[in-house]
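Here is the structure we will look at.
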Amino acid sequence: MLELRFIRENLELVRKKTERRGIEDSRIEDFEKVDLERRELLGELERLRNNRKTVSAEIAELKKQKQDAEALILEMRGAGERIKELENTLAGVEENLQDIVMGIPNLCDDSVPAGKDEDDNVEVKKWGDVPQFAFEPKSHWEIGENLGILDFERAAKLSGARFALLKGLGSRLERSLINFMLDLHTQKHGYEEVLPPFMVNSTSMTATGQLPKFEEDLFRIKGWDLYLIPTAEVPVTNIHRDETLAEKELPVKYCSYTPCFRSEAGSYGKDTRGLIRQHQFDKVELVKFSRPEDSGAELESLLADAEEVLQLLKLPYRVVTLCSGDLGFSATKTYDIEVWMPAQNKYREISSCSNFGDFQARRGGVRYRPRDSKKSRLVHTLNGSGLAVGRTLAAILENFQRDDGTIYLPEVLEPYFEKRF
RNA sequence: GGAGAGGUACCGAAGUGGUCGUAACGGGCCCGACUCGAAAUCGGGUUGUCGGUUAGUAGCCGGCACGUGGGUUCGAAUCCCACCCUCUCCGCCA
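All residue numbers for the first sequence refer to the numbering used here, where the first residue is 3 and numbers rise by one.
Here's what the structure looks like:
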């Protein structure tokens, strides 16, 4: 959410930046009218309330001196009623304004390239050599099914399309990757590990921006104000909702493994096979709270932390800056890391690292108190996948396959495959 | 599910109809004094939000907020109703 006053004073800028994202029906046009209406009502209401307060104090004074206050009381009779009426009118207008404001996306950073969709994303880096095969590389689902470590048919029996059943060394590999990523980020990169609830309420979903606009992407628990989390970003960012942090605590860095649940509404026919697009997938997420002036640099180091996972796994990847049209609703800037998928002969997203500026912090009331200041300020929030585990597993199967249908594992995972008992 | 207790500022906590929301008191934090420096001590400061004013995220003026939403009243942290959450005990349970 952007600040009301900011929108009012920079309406042209907000309109331009929103257009740059390719969003048409943002209702910004209504803002000016509704905002004015609200302030006029508010002014009138505040006058009435001020009057009530003043007169009530006079009545109190009279009563204290044992004098008759009946005349004043009579005069004020009905004042409460009038105030209530105005309050109700105002509430309606504010709801209207809130709808408009909640529908306005975050402003994109100046360094974000203009563009329409993912084709306009700008590559900023390439790492590793794309493997050359002397044979036709198989898809990860073929390899996985042949090895008996992936079973999509039975998963469909259990739950339907877009679910996977991992078996034997497949589930062992998934678990190893989770542990490897958590160990790297906690032991080397200084993140604190958290394991949050996998269901959150609507307030939490609203703070990070999934609600109210993107409800159709979520799974809701029937009869409860609870949703399955689409990413650990939601519970972890909400850890400090309505809190004021001390400046010396910043940046706060969390690392969290959770499964993620997404309806994938609107992606029918896309990636129907394999592990790429599932209703449930594992992810290790990195979340940061930083001072506003540090968030740019924190995004770069967050990206580096995520990249290191791929480097250690020796998986080739590239980094792209999302263009304005592909940028998420709440983000000011996003880097996607895309891993090489040999069977598809292209790079596929495996991590998304974003700076949200104060957009989420304002919605969620996350602030900090600067050392020498009386006033608290909103923090900046950032997060990034470090990494999407299912897609990492798929990349390992495809990149490290041999012509006999077996695969080999990157060295860093060996400790996770040692026999323990 | 049953019984009870409680939700007030950064934290703890007082306050049961009228300058108590510039919210007692304690702690923390920040600034200053003392000190070679620190500790201790002493002094000062420290809620958020919306609106107005303004060159201003500074000041000043005003409104609102004591879990949430309603109600009573000239006036509600305080009285009434509903709901949410936390804690304790009992029951059930992985």
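Beta carbons are placed, not taken as given, at the ideal position from N, Cα and C, and that holds for glycine.
Taking 9 Å as the threshold (C-beta atoms), are residue j and residue i in contact?
i: I85; j: R40; result: no
i: R275; j: S141; result: yes
i: L168; j: S258; result: no
i: M78; j: I106; result: no
i: V286; j: N385; result: no
i: I339; j: L301; result: no
i: E195; j: T205; result: no
i: L277; j: W143; result: yes
i: L317; j: G130; result: yes
i: I151; j: L175; result: yes
i: A73; j: K65; result: no
i: V254; j: K290; result: yes
i: P115; j: S326; result: yes
i: P199; j: E400; result: no
i: R373; j: K250; result: yes
i: V341; j: A299; result: no
i: V36; j: V95; result: yes
Might you give, ordered along the chain, the residues of its own chain that have their beta carbon closer than 6 Å to the beta carbon of residue i, omitting 5 neighbours on each side?
i: L315; result: P412
i: L380; result: D360, A363, R364 and R369
i: E120; result: D328
i: R54; result: A81
Could you give the C-beta distance for residue i and residue j, rounded to a whole number, given that I count them as a contact under 8 Å?
i: D219; j: S265; result: 5 Å
i: G388; j: D307; result: 6 Å
i: L109; j: K215; result: In fact, because the Cβ distance is near 16 Å, the residues do not count as touching under 8 Å.
i: A248; j: R371; result: 6 Å
i: H281; j: R393; result: 14 Å between Cβ atoms; not a contact.
i: L288; j: Y193; result: 6 Å
i: S431; j: N357; result: For the chain, the structure presents residues 3 to 423; residue 431 sits outside this window and is missing.
i: E310; j: L186; result: 7 Å
i: G330; j: T336; result: 6 Å
i: F402; j: Y410; result: 5 Å
Nearest to residue i by alpha carbon, out of the options?
i: R279; options: G268, E287, L288 and V286; result: G268
i: L6; options: L184, P232, I352 and D101; result: D101
i: R177; options: A390, F137, F423 and L64; result: A390
i: S332; options: T383, L13, A299 and L88; result: T383
i: D244; options: G367, D406, V57 and L304; result: G367
i: E235; options: Q212, E251, D227 and I223; result: Q212
i: L395; options: L171, C325, I231 and S354; result: L171
i: Y418; options: E147, G407, I180 and I409; result: I180
i: E42; options: S58, T91, I30 and P344; result: T91
i: L1; options: A93, E63 and S58; result: Look at the range of the chain in this structure, 3 to 423, and you will see that residue 1 is not part of it.
i: L149; options: R373, S173, R23 and L160; result: S173
i: E416; options: F182, K377, Y349 and C355; result: F182
i: L13; options: R23, C355, E31 and K128; result: E31
i: Y319; options: E295, A345, T334 and I352; result: I352
Consult DSSP for residue i and reduce its assignment to one of helix, strand or coil.
i: Q346; result: coil
i: T246; result: strand
i: S58; result: helix
i: F135; result: coil
i: K272; result: coil
i: S356; result: strand
i: A390; result: strand
i: K68; result: coil
i: T91; result: helix
i: K140; result: coil
i: V103; result: helix
i: M3; result: coil
i: T334; result: coil
i: F200; result: coil
i: N108; result: coil
i: Q403; result: strand
i: P214; result: coil
i: H382; result: strand
i: K86; result: helix
i: V114; result: coil
i: E302; result: helix
i: L315; result: helix
Tell me whether residue i, by its Cβ, gets closer than 8 Å to a heavy atom of the ligand GDP.
i: E251; result: No copy of the ligand GDP appears in this structure; indeed no ligand is present at all.
Could you pull out every residue in the same chain whose Cβ sits closer than 8 Å to the Cβ of residue i, ignoring the five residues on either side in sequence?
i: V103; result: M3, L4, L6, I9 and F33
i: E46; result: L88
i: C262; result: I231, P232, T233, A234, Q282, F283, D284 and K285
i: A136; result: D405
Give every residue of the same chain whose Cβ lies closer than 7 Å to the Cβ of residue i, excluding the five residues on either side of it in the sequence, and list them in chain order.
i: L184; result: E195, C257, Y259 and V286
i: A166; result: L152, F154, A157, L277 and Q280
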